[in-house]
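Chains as they are written, first to last, in full-length UniProt numbering: chain A, 1 to 356; chain B, 1 to 284; chain C, 1 to 292. Quick reminder that beta carbons are idealized off the backbone N, C-alpha and C, glycines included.
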Amino acid sequence: MATVTLNRAEKTYANGFKALHGIDLEIGDGEFTVLVGPSGCGKSTLLRMIAGLEGISSGEIKIDDRVVNNVAPADRDIAMVFQNYALYPHMTNYANMAYGLKNRGYSKVEIDTRVRDAAKILQLDDYLERKPQQLSGGQRQRVAMGRAIVREPKVFLFDEPLSNLDAKLRVDMRLEIKNLQQRLGITSVYVTHDQVEAMTLADRLIVMNAGIAEQIGTPIEIYEKPASLFVASFIGSPSMNFLDGKVADDKSHVVLGDGSKIDLDHVIDAGRDLVVGVRPEHFTLKADGSGALKARVRMIESLGAETLIYLEFGEKNENVTLRMQGTHQFDKGQELSLATSANLVHLFDKDSGKRL
Amino acid sequence: MYQSKWRTITNHLILIIGSLFMILPVWIALVSSTHTREYLFQHGLQFWFGGHFIENYGAILFDPDATKGRVTALEMLFNSMVLGLGFAIGKVIISMMAAYAIVYFRFRLAVPLFWVIFSTLLLPLEVRIVPSYEVVAELGLLNTYTGLILPLIASATGTFFFRQFYRSVPDELLEAARLDGAGPLRFFLDILVPLSVTMIAAIFIIMFVVGWNQYLWPLLMTTDDQLYTIVIGIKQVYNSLYEGGQIPQFPKAFALTIMATIPPVLVVVIFQRMFVKGLVETEK
Amino acid sequence: MKRVQFGHSPVPYFFIAPQILIIAIFFLWPAAQAVYQSFLLEDAFGLSSQFVGFRNFADVLASGAWLQSAIFTAVFSFLVAFFSIAISLFLAVRADEVIRGAKSYKTLLMWGYAVAPPVAGLLGNMLFNPLMGDLYKLFNSFGFEFNHIQNAGDAAFVVTLIAVWKQVSVNFIFFLSGLQGIPKAVTEAATLDCKSAERRFWTITFPLLAPTTFFLMVINLTYAFFETFGIIDVSTKGSPGGSTATLVYKVYVDGFLGADMGSSSAQSVLLMIMVSVLTVFQFRFIERKVHY
């Protein structure tokens, strides 16, 4: 049971590249925290710094109340699950799980109990004497988790553990990990670039970009109130629609490129340039043509349960995506009339990209 | 894949001719070694076995006179075995260790020491035989197994091979081991060495053959017959072939040749798969 | 270069020490001594020596014998590399195509790797023995008046043939594994695009084997330079008149049999320079990105 605290944690590599620009973070006891972001955003570096596999350039990392900046990885009482599992190929699965305990001087009996308990939880009982190569991807993933569990660490670290699995298995393992973490109640930090994984697993989500934590919050907070253009575009699929606009003189609405108007529900300076964000699922189709936005159908993707309609809007042919439940049929080039409501519209400053 | 009948036939024909080209010289040596010298002298080299196999090989193996020295072929085989094994074992251990230091550690002298090791690739033993001989002589190592084996190990081919292999080992394995509380020595012994087993075997086989077949260095080094390897023995027999106006001892020279050839060839053929893998991957 | 390494500690020195020690004693020291001696001239009894600058080098380069040996080495190396590569490529292509007996052919063609050079030399010597050598008789029965004991060209032919024979198997192994590394889909696509097998070989297969071929060129040149010592020493011994002595063989003859240390060392140093250039060239090509 532990908390993890980062105070202005920075990472600068020897070649001068600054991977992390001062991260402040507090992870509560038993919390499942997910770091999400595009590749190169520094999320893996951050995780590896918590593990002690990367040094920290400035700031501090605390596990519980102990500063661990200069503590060796093996002494931090953490366990890690790697993307490619990093199982020792020449050892049996049993030996793989036991290795860390053996090095720490646990008794044979204690090791055996712990490994067998973990194997039972992970349904690996029958595979303990085999070697990793003889298992399927999902089973190997479980062995890697078993290796972490037997240690009974204060913190679990996951480095994109599901990205080597196929789509179906990924969903199964996702549920399994969530289940396990809730059962064991161990503080966990999980790195992924997959936003579905991030949304479903996280108690708390940290969206990272270019070495900065852009937003920290629950998945729903982040979905409903993205703090910046980056977060808004990264979370949600298909991505949020962004339209350039200007606040009208009477401050009651925004005028878009083609003159159409979108209502505002809070007061912003007149004449200000901004970006209007609307999620594809927050448009409604107005059959009577009363919608604020007029757009032409470019392409349709029918997924069965829902239909994605790609449209072009205005003189500059800006792209707009619309998501509708059920199946629908439209002609190419047909003009549709779209409406949205003021409380579902996100407004961002055009220059800083920050939410208004 | 589709192939015309004609192409298939020529393929086999060409490969059979190629195989004969490789095998015939050794075959002739093998069967000729089972005839008497008088017979060979009168009838030339033979293509089928004669009846003196036991006689010729027995003499070579156990009678020092037959090899024109004070050692029997049996003793020479033993020396070759020591050279082959010593060379292979020494090389594998030393280069595994050095490569480990180079790949897995950050240390001050890493770059200069890497270049020292690299420089040995530039200059094979053959170009520095004379001074090498003097150094070994000064150290009092002439006519010793140590003096025979150590200078041959000085080249770094094995180190580069293991360096290449270690670099292909995923980084995560080291990270996982560190989280599991393994230090440098433990990681080497528990993880890296067991992981390298097939590579070790492959390089061991190659090095054994290379060691067994050494010629120039043992030739200079061993003035004492007791240390002759079987490959050097060939030269001795060859030198004395035409001595004393007798009929040359061709059958015994052939017998010695065959005995020098069989062990390394067997090793290569038996461990063919491993050997080929090692060879192709080492040189890359 | 590893992303992850152990930090500073004395441990790496412990691991690298044995190798460095052996290299220092048996490589650096002799190499330095060779360079040093190449600038010295010993008197006839080897009792005293004096510094003579580049005189040994000048003598070596000016002597007809060294030049003759250098030319022979160059021609010999080229011929050995060319023929052993050509023959083994030809065989490897066929061996890659056959289905039945593929394994046996592979074994039959690759075992030669294990034959020691002096063994090859002795076998060649016997086959060309004037008393009873089959090849000697065969050539002369065609009226070639073949005589490698006296004729330099014939002697060079014998040495070259033995050296090629010995090297075919190594090249064969590399070519076959190179061929087997070409994706099947590529060869299949090529059969759809091009009817002639020969044309397919030169336009698709051979270019794909280019890296292997280049690599083998370097390996074969190195082989012809150094490892043929054993072949020469047991077949022609450089005769007649030093016409089949490679540079390495000449270093041995002058330094050990002739005891002319200064000249031998100067020759060694010249060889070192030549080989270094060759190896650096090879290393550059194979490992373009040296991280150190």
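- Taking a beta-carbon distance threshold of 9 Å, B/Val82 does not count as an interface residue toward chain C.
- By DSSP's assignment, A/Ile212 forms a beta bridge with A/Asn209.
- Put simply, of A/Gly42, A/Asp75, A/Gln123 and A/Gln215 the residue whose alpha carbon is nearest the alpha carbon of B/Gly181 is A/Asp75.
- For the 9 Å CB-CB criterion, C/Ser265 and C/Ala34 form a contact.
- In this chain, the beta strand (DSSP E) harbouring C/Glu42 covers Leu40 to Glu42.
- Listed in chain order, the non-local C-beta contacts of B/Phe53 below 7 Å within the same chain comprise Thr34, local neighbours out to five positions each way being set aside.
- Across the set B/Val111, B/Ser240, B/Phe161 and B/Arg128, the C-alpha of B/Ser240 shows the shortest separation from the C-alpha of B/Ala253.
- At a beta-carbon threshold of 8 Å, the residues of chain B lying near C/Gly255 are Ile129 and Val130, ordered along the chain.
- Judged by DSSP in its simplified three-state form, A/Asn69 adopts coil rather than helix or strand.
- Judged by their CB atoms, A/Leu20 and A/Gly42 are nearer to each other than the 9 Å cut-off.
- Of the candidates A/Ser337, A/Phe283, A/Gly100 and A/Asp263, the residue whose Cα lies closest to the Cα of B/Arg178 is A/Gly100.
- If only complete runs of 4 or more residues are kept, the region 188-225 of chain B shows the alpha helix (DSSP H) at 197-212 and 216-221, in order along the chain.
- In the structure shown, the three-state DSSP call for C/Leu67 is helix.
- By the criterion of a C-beta distance shorter than 8 Å, A/Pro38 is surrounded in its chain by His193, Asn209 and Phe234, once the five residues flanking it on both sides are discounted.
- With distances taken between CA atoms, B/Leu266 lies nearest to B/Ile206 out of B/Ile191, B/Glu134, B/Ile206 and B/Thr198.
- Note that the C-beta distance between A/Glu335 and A/Lys286 is not below 9 Å.
- Assigned with DSSP and collapsed to three states, C/Val52 falls in coil, not helix or strand.
- If you check the CB distance, B/Ile129 and B/Trp6 do not come in under 9 Å.
- Spanning the alpha carbons of A/Ala2 and A/Gln139 requires a straight line of approximately 28 Å.
- Annotation: the continuous alpha helix (DSSP H) that includes B/Thr261 extends over Phe250 to Ile270.
- Judged by their CB atoms, A/Gly30 and A/Thr187 are nearer to each other than the 9 Å cut-off.
- In the DSSP assignment, A/Leu256 forms a beta bridge with A/Gly245.
- Using a C-beta cut-off of 8 Å, the region 217-230 of chain B makes contact with the region 148-165 of chain B, since at least three inter-stretch Cβ pairs fall below that distance.
- With its beta carbon at least 9 Å from every one in chain B, A/Tyr94 lies outside the interface.
- The C-beta of C/Glu42 comes no closer than 9 Å to any C-beta of chain B.
- The beta-carbon distance between C/Thr246 and C/Phe72, rounded to whole angstroms, is 7 Å. This is short enough to meet the 8 Å contact definition.
- Using a Cβ-Cβ cut-off of 9 Å, B/Ile60 does not count as an interface residue toward chain C, since no Cβ of chain C sits closer than that to its own.
- Setting aside the 5 residues that flank it on each side, C/Ile232 is surrounded in the same chain by Gly121, Val159, Gly238, Thr244, Ala245, Thr246 and Tyr249, each with a C-beta closer than 8 Å to its C-beta; the list follows chain order.
- C/Leu40 and C/Leu67 have their C-alpha atoms roughly 21 Å apart.
- Contacts between B/Ile200 and chain A, judged by CB atoms closer than 9 Å, are missing: the closest CB pair is about 12 Å apart.
- Interface flag for A/Ala51 against chain B is set, since a Cβ pair is found closer than 9 Å.
- Looking at C/Leu270, C/Ser69, C/Asn140 and C/Val164, the one whose alpha-carbon comes closest to that of C/Ser88 is C/Val164.
- At least 9 Å separates the beta-carbon of A/Val4 from that of A/Ile23.
- Identification of chain C residues near B/Met22 by a Cβ-Cβ cut-off of 8 Å yields Leu108, Leu109, Trp111, Gly112, Trp165, Val168 and Ser169, ordered along the chain.
- Residue pairing by DSSP places A/Phe32 opposite A/Ser188 in a beta bridge.
- Identification of chain B residues near C/Glu198 by a Cβ-Cβ cut-off of 7 Å yields none; the smallest Cβ-Cβ distance measures about 11 Å.
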